[in-house]
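Take a look at the structure below.
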Ligand SMILES: Cc1cc2nc3c(=O)[nH]c(=O)nc-3n(C[C@H](O)[C@H](O)[C@H](O)COP(=O)(O)OP(=O)(O)OC[C@H]3O[C@@H](n4cnc5c(N)ncnc54)[C@H](O)[C@@H]3O)c2cc1C
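Next up, the structure:
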């Protein structure tokens, strides 16, 4: 059994939320350990980019040592840019423009961010440790129990074990996420092909959501250009930490209905990519090129789900963060930002409790009371956006795909 002394925190899950909280607490001198079910840090391709909004960036700024926060900004894409809503032939319906400020919205590579979040946590992240439950025999020192029958005792236990959370089933058993009718097949394709960018200059700083004529089908893509290449930026700011190669890429996602993805295809990357290719034949040739040139091992199927509001946690000294408690469909780019926001908020409340002598149970309750309203506002917004953009409602769909695109000139001519 691993026993921590004084004020200590055990976290299940080394994803965005778990690692961000570990950084926060380590900076404050709190004894923290993270237990991750994967056998190592980079066993899965964390294949896509993530847009950090002001909450995500603020959480990182508050949690990370200064040089690591600078590293996140240095390797990120340039600030600003647009999100364009188009029809399937990439004719604009409308565009949202992001602020061009260094600390406003930034797109970062997820693998690079994860590597940054792991920096300096040597000896504090334990792999091949799948958490299964929290034992509450001694209410002052709950124990995280693992599938390999080991345990870790701490003052506070945190479930940051993602959408399939094992701890959720125990701490809020009534709150398994609701599935939605929609799924996404995600892929990644090289940005530079034959010495040229596959994304035309007009879309250089744009994310694009192309909505098909048929309701329930859409295609998203955006390019990720590293501001500074990770090997150089890490050598300068975090020497010794793992630096991804940092080749620019295009991340894309084909959104479709659950019933269009048969069960036999779900665990088969080649079959998933082939399905994406067949399903995107009506889209602009650029879309088809992205699917045709996708890297097979970066193909991912994501079944969209929405979390359910928790009441109190079943174990008073255990709590939850991120997708484990408030998963949301990836519309509006708020899932990861909300997870990071949780981590910084919980870190703040726990550090205050240790400093002021506030009962830990009160600190956890205060965190939950603050987290639930903002997190479930984000869940509701993401679910509403998903329904609006992919639902059957005839009038909005008709306006998006037939009326608005006719009012704009062609952005990407078809060769
Ligand atoms: C394609 C796509 C694009 C997205 N884009 C954006 C975006 O632009 N902006 C944004 O804000 N969000 C985005 N999101 C959402 C975002 O990725 C998630 O909300 C975020 O990763 C949640 O972080 P987390 O730490 O809660 O969970 P995760 O990052 O999923 O981490 C959970 C960790 O727990 C581990 N684990 C699981 N079970 C156990 C267990 N029993 N014991 C121990 N460890 C366990 C997992 O292996 C994993 O490492 C996107 C999601 C997808 C799918």
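In the working numbering, the protein residues as written are 702 to 1116.
Ideal Cβ positions, reconstructed from N, Cα and C, are used throughout, including at glycine.
Quick caveat: nothing in here was measured; it's all calculated off a predicted structure.
Under 9 Å between C-beta atoms of residue i and residue j
i            : j            : result
residue 824  : residue 714  : no
residue 1031 : residue 1005 : yes
residue 844  : residue 742  : no
residue 997  : residue 980  : no
residue 924  : residue 949  : yes
residue 871  : residue 966  : no
residue 753  : residue 1037 : yes
residue 938  : residue 768  : yes
residue 921  : residue 941  : no
residue 774  : residue 1041 : no
residue 1033 : residue 955  : no
residue 974  : residue 886  : yes
residue 1044 : residue 721  : yes
residue 1022 : residue 1072 : yes
residue 1009 : residue 876  : yes
residue 763  : residue 736  : no
Assigned secondary structure, residue i (DSSP; H/G/I helix, E/B strand, else coil)
i            : result
residue 1035 : coil
residue 702  : In this prediction, residue 702 scores a pLDDT of 46, lower than 50, which makes its location untrustworthy; no coordinate-derived value is stated.
residue 880  : strand
residue 999  : helix
residue 1087 : helix
residue 1022 : coil
residue 1053 : helix
residue 827  : strand
residue 875  : coil
residue 958  : strand
residue 853  : strand
residue 737  : coil
Other residues of its chain near residue i: CB distance less than 8 Å, five sequence neighbours each side excluded
i           : result
residue 727 : 733, 821, 822, 825
residue 982 : 989
Heavy atom of ligand 1 within 8 Å of residue i beta-carbon
i            : result
residue 924  : no
residue 1001 : yes
residue 846  : no
residue 859  : no
residue 864  : yes
residue 832  : yes
residue 851  : no
residue 751  : yes
residue 887  : yes
residue 951  : no
residue 884  : no
residue 1062 : no
residue 1073 : no
residue 1028 : yes
residue 717  : yes
residue 725  : no
residue 811  : yes
residue 998  : no
Contact set for residue i: own chain, Cβ-Cβ below 6 Å, skip 5 residues either direction
i            : result
residue 1039 : 1076, 1079
residue 873  : 1011
residue 711  : 734, 845, 853, 855, 858
residue 906  : 782
residue 813  : 776, 931, 945
residue 740  : 828, 829
residue 705  : Residue confidence for residue 705 is low, a pLDDT of 44 falling below 50, so the modelled location carries little weight; the figure read from the coordinates is stated next. 732, 855.
residue 837  : 843, 1016
residue 738  : 831
residue 796  : 783, 785
residue 959  : 882, 884
residue 817  : 769, 772, 773
residue 709  : 732, 855, 856
Close beta carbons around residue i, own chain, < 7 Å, minus the five adjacent residues each side
i            : result
residue 1068 : 1020, 1046, 1047, 1050
residue 969  : none
residue 1064 : 1050, 1051, 1053, 1054
residue 1114 : none
residue 898  : 892
residue 771  : 938
residue 993  : 978
residue 718  : 861, 1022, 1023, 1040, 1041, 1043, 1044
residue 919  : 910, 911, 912, 913, 956, 1090, 1091
- Query: Should the region 898 to 915 be regarded as contacting the region 778 to 796, the criterion being three or more beta carbon pairs within less than 8 Å?
  - Reply: yes
message: Quick check: the region 830 to 844 against the region 860 to 878, are at least 3 beta-carbon pairs closer than 8 Å?
response: yes
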